[in-house]
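In the working numbering, the protein residues as written are 5 to 399.
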């Protein structure tokens with residue numbers, strides 16, 4: 005297996021964001037298990053969203069994703085372009101100044117094999133269009149290895165032109181690319197630029213789990229026509245099918261052990277006799293198993309997390325946003341054990357706020373703790389040195 009590759013995927017080890025909400029200028033290292041924590045309002049959710057925007061670029065949905073957030077005016081860094089030493093020390097007021105540079109939002113990540121960055125800004129003045137606040141994709145880059153160097157550049161996009169770069173020469177891959185279309189969807193032939201398709205495949209396989217619904221009408225509580233499901237959907241509606249898939253072709257024993265770790269004496273089965281698959285939880289002392297529709301919110305949420313983490317087809321990056329929500333404190337230690345076990349097999353990113361979960365994850369030797377803070381409204385990583393930040397270079 006090539007260094008920096010796992011199951012054919014490029015393993016991200018660094019994330020960089022500039023100009024997005026509170027992420028004025030932030031570069032973060034990523035390990036096998038990256039734990040992001042900090043006080044409310046420190047920017048944890050903004051990091052989660054930034055990762056989601058990179059995934060949206062690979063799907064060709066970045067402009068739509070930004071529109072759902074309110075467009076560029078709502079997502080750009082809202083503070084001043086530059087701050088004085090006095091204001092950073094809290095000795096003076098933060099004041100706006102005439103902007104010297106164009107307003108830009110930048111997202112990027114690095115791996116040991118292939119890395120990617122994208123730059124967005126406002127559309128050029130066009131008095132004939134009502135969509136002047138739509139974001140334009142200004143530049144994109146794919147390069148070999150981690151730290152950027154011009155000689156490592158493989159593919160670049162400037163305006164509406166995507167080019168292949170090789171030996172100091174460039175050749176066009178796509179012309180007249182729409183300003184809202186990423187190079188991932190603009191380049192049509194994998195033979196011309198295999199790096200584009202390799203990287204797109206990796207990003208598309210990232211998996212995000214945020215707030216599973218557990219109310220009475222939650223999709224996970226309902227029966228559903230089922231097919232083999234190696235990856236739980238984002239809404240958890242295919243929970244029964246995902247569990248049955250794990251029991252048949254995945255680590256069924258490990259899943260049952262994880263359920264028993266959280267709920268002693270319990271085990272899962274799936275009723276496949278009718279047209280609709282239904283999840284059952286067997287508990288000691290009861291004469292019949294409980295249907296998913298009968299489970300408490302916390303129990304159902306834990307089962308959803310377990311099904312996501314025991315996927316027979318793990319993604320190159322598994323992102324969990326505050327998985328502890330609605331869970332009883334007694335479930336946090338077994339959840340931490342479950343997450344650390346999965347981190348032995350793939351990259352895991354966890355945004356957490358519950359100290360019991362944080363401490364459980366920190367006990368793992370694979371855990372990289374990123375405790376964020378705010379400084380003059382901007383998200384920062386305390387203790388990060390100039391050398392740490394220099395590990396990333398924007399093209």
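Cβ atoms here follow ideal geometry from the backbone N, Cα and C, with glycine treated the same way. Nothing here was measured: the structure is a model prediction, and the numbers come from that model.
Item: Nearest to residue 307 by CA position, among 330, 291 and 186, is which residue?; Value: 330
Item: For residue 368, tell me which candidate among 117, 183 and 337 has the shortest Cα-Cα distance.; Value: 337
Item: Can you check whether the CB of residue 36 is closer than 8 angstroms to the CB of residue 206?; Value: no
Item: Across the region 169-184 and the region 135-150, are there enough close Cβ pairs to call them in contact, namely three or more that are closer than 8 angstroms?; Value: yes
Item: For residue 138, which of helix, strand or coil comes out of DSSP?; Value: coil
Item: If you draw a straight line from the alpha carbon of residue 297 to that of residue 156, how long is it in whole angstroms?; Value: 54 angstroms
Item: What are the residues that DSSP puts in a beta bridge with residue 178?; Value: 166
Item: Work out the CA separation of residue 225 and residue 250 for me, nearest whole Å.; Value: 18 angstroms
Item: Taking the alpha-carbon positions, what's the residue 154 to residue 333 distance?; Value: 50 angstroms
Item: Hey, quick one: how far does the alpha helix (DSSP H) through residue 364 stretch, first residue to last?; Value: 359-366
Item: Hey, how far is the Cα of residue 77 from the Cα of residue 262?; Value: 45 angstroms
Item: What residue range is occupied by the uninterrupted beta strand (DSSP E) comprising residue 51?; Value: From DSSP, residue 51 is part of no beta strand (DSSP E) but of the alpha helix (DSSP H) over 48-63.
Item: Consult DSSP for residue 388 and reduce its assignment to one of helix, strand or coil.; Value: coil
Item: From the DSSP output, which residues share a beta bridge with residue 191?; Value: Beta-bridge pairing links residue 191 to no other residue.
Item: Extract the residue ranges of the beta strand (DSSP E) inside the region 288-347, only unbroken runs of 3 or more that lie entirely within it.; Value: 321-325
Item: Helix, strand or coil, according to DSSP, for residue 144 in the structure here?; Value: strand
Item: Have a look at residue 212 and residue 354 and give me their C-alpha separation to the nearest angstrom.; Value: 10 angstroms
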